[in-house]
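K.L.:
Residue numbers (the working numbering): 48 to 484.
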């Protein structure tokens, strides 16, 4: 992709109302544009990152056995009346009446709709276990939307819903999502700590938040340091027996400020392992039994032929929120530092002399070689001064910068920079390609 033909409206300074680093840098890097309070247009660079995050989430859900569908953004109010949540949910729900006086709502979550879909098609325990997920835009009418995509009103969410014959099976489904979340966030270069959580308006008696540690996080987190140091379980786990993995983590103390118990923290955690940090919630999982299946009559015939209410859980990941969380956890004074797995491009090739045919030819060759190796490339072929080009490359955070100028062409070398470390080397193009991998 040539930068001269790309849409990248960068800003030298962030607007004064952008209060946190991720909001400032997303605006400055031309990733989003605010259209209304808490509602953003996703510009090309931001959309590329959003799509990469979404794909990682999708892959890990499918690896854990969840099946993708897509539910609409608008839902019938009558479904929520069945569950008893329509009046209880509060002013965050955007209620709508269409031209036929039908009452609708812009979905903030999908427990009712997925339960309705399930009860319409599944009649026997032989169809269980079942986990259905989708990635869809949602809306919650926050009183004070702020912090950019971290607390917007419209947001992209992955939510999955499990259906099982009994509590024991439902807890196995919960464990699968618990492990899938650990793997998901690790693939994005994040350290996500599972913490005990309040079930809130979703309901139920078992719930964990997954919190990314970041100095600018919204929550105070108290946990055993060993939780942060544990590697992700990985893809090769036995998906039918995950209890030991979950037990290993849930046996260690971890809680955000609203659930924190100082006495328990100190008695359960060795002094040298007590970690207090700031964090950002990026995922939340719930087991809530028959909270929705009972009032909505979602039943299946059991092995004995008797109809039984299914046990359910729900599992959310804030896909759009993750962009902000990653930036909060990975940036410096110059701009964003994207982990390789979610970066909008793998490499930016910087042409220092766009009016020099030999430099242009060398840049074109580098771009072709990188693309042939499967890398996504942003080619800065703009007529901008070198300092401006370097500043833009640092701001947008692409993992590798490959710079070519007249001197390098004459000597048969390029300059390669790793954005995360700032390390630079002057090497032949072949060596640069090998280093980039």
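Ideal placement from N, C-alpha and C gives every residue a C-beta, glycine not left out.
1. Rounded C-beta distance between residue 143 and residue 172? I'm assuming under 8 Å.
2. Rounded to whole angstroms, what's the CA-CA distance from residue 346 to residue 166? Just pull it up for me.
3. Going by the CB atoms, is the gap between residue 234 and residue 103 shorter than 8 Å?
4. Under 8 Å: do the segment 358-374 and the segment 277-289 share three or more Cβ pairs, one atom per stretch?
5. Residues in the same chain with beta-carbon distance under 7 Å from residue 116, minus the five sequence neighbours each way, listed in chain order, please.
6. Can you give the Cα-Cα distance for residue 437 and residue 429, rounded to whole angstroms?
7. Does the Cβ of residue 419 have 16 or more other Cβ atoms within 10 Å, making it buried, or fewer, making it exposed?
8. Under three-state DSSP, which class holds residue 7?
9. Quick check: what's the CA-CA separation for residue 446 versus residue 87?
10. If residue 265 sits next to residue 242, beta carbons under 8 Å apart, how far is it from one beta carbon to the other, in whole angstroms?
11. Measure the CB-CB distance between residue 119 and residue 139 and report whether it falls below 8 Å.
12. Which class does residue 277 belong to by DSSP, given the choice of helix, strand or coil?
13. Per DSSP, which one or two residues make a beta bridge with residue 189?
14. Comparing alpha-carbon positions, which option in 134, 321, 232, 284 lies nearest residue 272?
15. Nearest-angstrom Cα distance between residue 218 and residue 394?
16. Take residue 377 and list the residues in its own chain whose beta-carbon comes closer than 6 Å to its own, dropping the five residues that flank it on each side.
17. Going by Cα to Cα distance, which pick from 190, 183, 126 is closest to residue 137?
18. What number of angstroms, rounded off, separates the C-alpha of residue 197 from the C-alpha of residue 59?
19. Which residues mark the beginning and the end of the beta strand (DSSP E) in which residue 426 is found?
20. Looking at the unbroken alpha helix (DSSP H) that takes in residue 223, where does it start and where does it end?
21. With a Cβ-Cβ cutoff of 8 Å, do residue 327 and residue 72 count as a contact?
22. Buried or exposed for residue 469, please, with buried defined as at least 16 other CB atoms from any protein chain shown within 10 angstroms of its CB.
23. Among the candidates 174, 128, 177, 188, whose CA atom is the shortest distance from the CA of residue 153?
24. Roughly how many angstroms lie between the CA atoms of residue 57 and residue 317, to the nearest whole one?
25. Closest by CA to residue 274, which one among 289, 229, 308?
26. From 287, 449, 210, pick the residue whose C-alpha is nearest to that of residue 341; which is it?
27. Spatial neighbours of residue 145 within its chain, please: C-beta separation below 8 Å, excluding the five flanking residues on both sides.
28. Could you tell me whether any non-hydrogen atom of the ligand ADP is closer than 7 Å to the CB of residue 141?
29. Using a Cβ-Cβ cutoff of less than 6 Å, which residues in the same chain neighbour residue 49 once the five nearest sequence positions on both sides are dropped?
30. Take the Cβ of residue 421 as the centre, count every other Cβ of all protein chains shown within 10 Å, and call the residue buried at 16 or more, exposed below.
31. DSSP state of residue 440, grouped into three classes?
32. May I have the straight-line CA-CA distance separating residue 440 from residue 349, to the nearest angstrom?
33. Given a cut-off of 8 Å, decide if residue 329 and residue 365 are closer than it, judged by their beta-carbon atoms.
34. List the whole-angstrom C-beta distance separating residue 474 from residue 456, where the pair is believed to meet the contact cut-off of C-beta under 8 Å.
35. Near residue 199, which residues of its chain fall below 7 Å by C-beta distance, leaving aside the five closest residues on each side in sequence?
36. Please specify which runs of the beta strand (DSSP E), each continuous and at least 3 residues long, are wholly inside the segment 78-144, giving them in chain order.
P.N.:
Let me spell this out:
1. Not confirmed; about 37 Å, so no contact.
2. 7 Å
3. yes
4. no
5. 179, 181
6. 12 Å
7. exposed
8. In this structure the chain extends from 48 to 484, so residue 7 is not present and cannot be described.
9. 25 Å
10. 13 Å between Cβ atoms; not a contact.
11. no
12. coil
13. Note: residue 189 sits in no beta bridge, so no partner.
14. 321
15. 43 Å
16. 384
17. 190
18. 22 Å
19. 424-427
20. 214-234
21. no
22. exposed
23. 188
24. 48 Å
25. 229
26. 210
27. 151
28. The model depicted lacks the ligand ADP and carries no ligand whatsoever.
29. 426, 428
30. exposed
31. helix
32. 59 Å
33. yes
34. At roughly 14 Å, the Cβ-Cβ gap does not stay under 8 Å, so residue 474 and residue 456 are not in contact.
35. 85, 86, 87, 192
36. 79-83, 86-89, 121-123, 141-144
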